[in-house]
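Numbering (the numbering used here), first residue to last: 32 to 254. Take a look at the structure set out below.
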């Protein structure tokens with residue numbers, strides 16, 4: 032899949048940049064704190080979702096699931112997850128924002144299937160990864176869900192909650208993902224404020240406070 036993205040430089044310049052996507056993977060249980068990962072696994076177990084055989088997990092997706100639009104197809108029991116997304120264009124690592132939209136009912140039976148049956152929303156605005164590394168743990172992921180016309184803060188945490196890039200890539204290599212060029216990598220998500228909320232709209236953003244900039248995206252959920 033070829034896609035023209037907006038590559039934002041730290042001097043304010045925005046360049047049109049063509050990328051060629053060959054593969055999509057979603058990382059599950061990608062937290063940095065093992066105790067919090069176990070806490071999350073225990074919470075999911077109470078909802079009927081079986082614990083993973085190991086952490087992190089890799090869930091391969093279909094390229095056709097990528098969705099850059101403002102509509103996402105999913106059931107009334109599906110919800111989004113704000114994630115940072117990595118992509119290597121053959122020259123350098125790029126960074127953007129995505130949502131691992133997932134069917135929560137199907138997730139109880141089969142996690143991979145619960146992700147495969149939903150679109151994978153992705154922003155069209157990208158940053159260079161090298162412009163983020165020094166500020167990494169201060170970068171904020173945030174999302175809102177509109178449910179019954181009420182807009183709720185759904186997620187808010189810094190990237191300190193998730194695996195650092197080098198650690199994530201090292202773990203992916205050990206799991207057999209050696210050649211990651213032209214691969215869209217959904218990194219794993221941060222905790223929700225109050226559990227799953229099923230709504231009609233999902234808004235999400237990533238903020239780099241030091242440079243006073245954000246990448247934002249939103250979509251309506253079409254059942």
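Quick reminder that beta carbons are idealized off the backbone N, C-alpha and C, glycines included. Computed from a predicted model, the values in this text were never measured in an experiment.
Exposed unless 16 or more other CB atoms sit within 10 angstroms - verdict on residue 74 = Indexing the chain shown from 1 puts residue 74 at position 43. Result: exposed.
From residue 216 to residue 56, what does the alpha carbon distance come to, in whole angstroms?
-> Position 185 of the chain shown, counting from 1, holds the residue named residue 216. Position 25 of the chain shown, counting from 1, holds the residue named residue 56. Cα-Cα distance, rounded: 5 angstroms.
Is it buried or exposed for residue 35, if we count other Cβ within 10 angstroms and need 16 for buried?
-> On the chain shown, residue 35 is found 4 positions in, with the first residue counted as 1. Classification for residue 35: exposed.
Residue environment, residue 81, which counts as buried when at least 16 other CB atoms sit within 10 Å | Taking the first residue of the chain shown as position 1, residue 81 is located at position 50. Residue 81 counts as exposed, since fewer than 16 other C-beta atoms from the protein chains shown sit within 10 angstroms of its C-beta.
Stretch-stretch touch, CB-based, cutoff 8 angstroms, three pairs: the region 151-163 with the region 220-227 | Segments in contact, no.
Answer yes if the region 171-179 comes into contact with the region 230-248, meaning at least three C-beta pairs across the two stretches below 8 angstroms, and no otherwise.
-> Because the criterion of three Cβ pairs below 8 angstroms is met, the region 230-248 and the region 171-179 touch.
Provide the residue span of the beta strand (DSSP E) that contains residue 156, from first to last.
-> Here residue 156 refers to the residue found at position 125 of the chain shown. 156-159 is the span of the beta strand (DSSP E), which, as asked, contains residue 156.
Should residue 161 go down as buried or exposed, given a rule of 16 or more other Cβ atoms within 10 Å for buried?
-> Taking the chain shown and counting its residues from 1, one reaches residue 161 at position 130. Classification of residue 161: exposed, given that the 10 Å Cβ count is below 16.
Locate the alpha helix (DSSP H) running through residue 65, then write down its first and last residues.
-> Here residue 65 refers to the residue found at position 34 when the chain shown is read from its first residue. Residue 65 -> alpha helix (DSSP H) spans 65-77.
Burial state of residue 48 (16 or more Cβ within 10 Å) = Position 17 of the chain shown, counting from 1, holds the residue named residue 48. Residue 48 is exposed by the Cβ-count criterion.
Exposed unless 16 or more other CB atoms sit within 10 angstroms - verdict on residue 142 = By 1-based counting over the chain shown, the position of residue 142 is 111. Under this definition residue 142 is a buried residue.
Could you have a look at residue 86 and say whether DSSP puts it in helix, strand or coil?
-> As a first step, residue 86 is located in the chain shown; it is residue number 55 there, counting from the start. If DSSP states are grouped into helix, strand and coil, residue 86 belongs with coil.
Roughly how many whole angstroms lie between the Cα atoms of residue 150 and residue 187?
-> Start at 1 with the first residue of the chain shown, and residue 150 comes out as number 119. Start at 1 with the first residue of the chain shown, and residue 187 comes out as number 156. Taking the straight line from one Cα to the other gives about 22 angstroms.
Give a yes or no on whether the C-beta atoms belonging to residue 109 and residue 132 are separated by under 7 angstroms.
-> Numbered from its first residue, the chain shown carries residue 109 at position 78. Numbered from its first residue, the chain shown carries residue 132 at position 101. Cβ atoms of residue 109 and residue 132: closer than 7 angstroms.
Do you know whose CA, among 121, 106, 164 and 98, lies nearest residue 129's CA?
-> Reading the chain shown from its first residue, position 98 is the one you call residue 129. Checked all of 121, 106, 164 and 98; the closest Cα to residue 129 is 98.
Just the Cα atoms here: how many angstroms apart are residue 70 and residue 190?
-> Along the chain shown, one-based indexing puts residue 70 at 39. Along the chain shown, one-based indexing puts residue 190 at 159. Straight-line Cα distance between these residues: approximately 18 angstroms.
Complete runs of the alpha helix (DSSP H) confined to the region 95-165 [at least 4 residues] | Unbroken alpha helix (DSSP H) runs of no fewer than 4 residues, entirely contained in the region 95-165, are found at 135-138 and 142-147, following chain order.
Would you give the residue range spanned by the alpha helix (DSSP H) that residue 199 belongs to?
-> As a working mapping, residue 199 is identified with position 168 in the chain shown. From DSSP, the alpha helix (DSSP H) with residue 199 extends over 196-205.
Span separating the alpha-carbon of residue 115 from that of residue 171 = The count along the chain shown starts at 1 and reaches residue 115 at position 84. The count along the chain shown starts at 1 and reaches residue 171 at position 140. Cα to Cα, residue 115 sits roughly 10 angstroms from residue 171.
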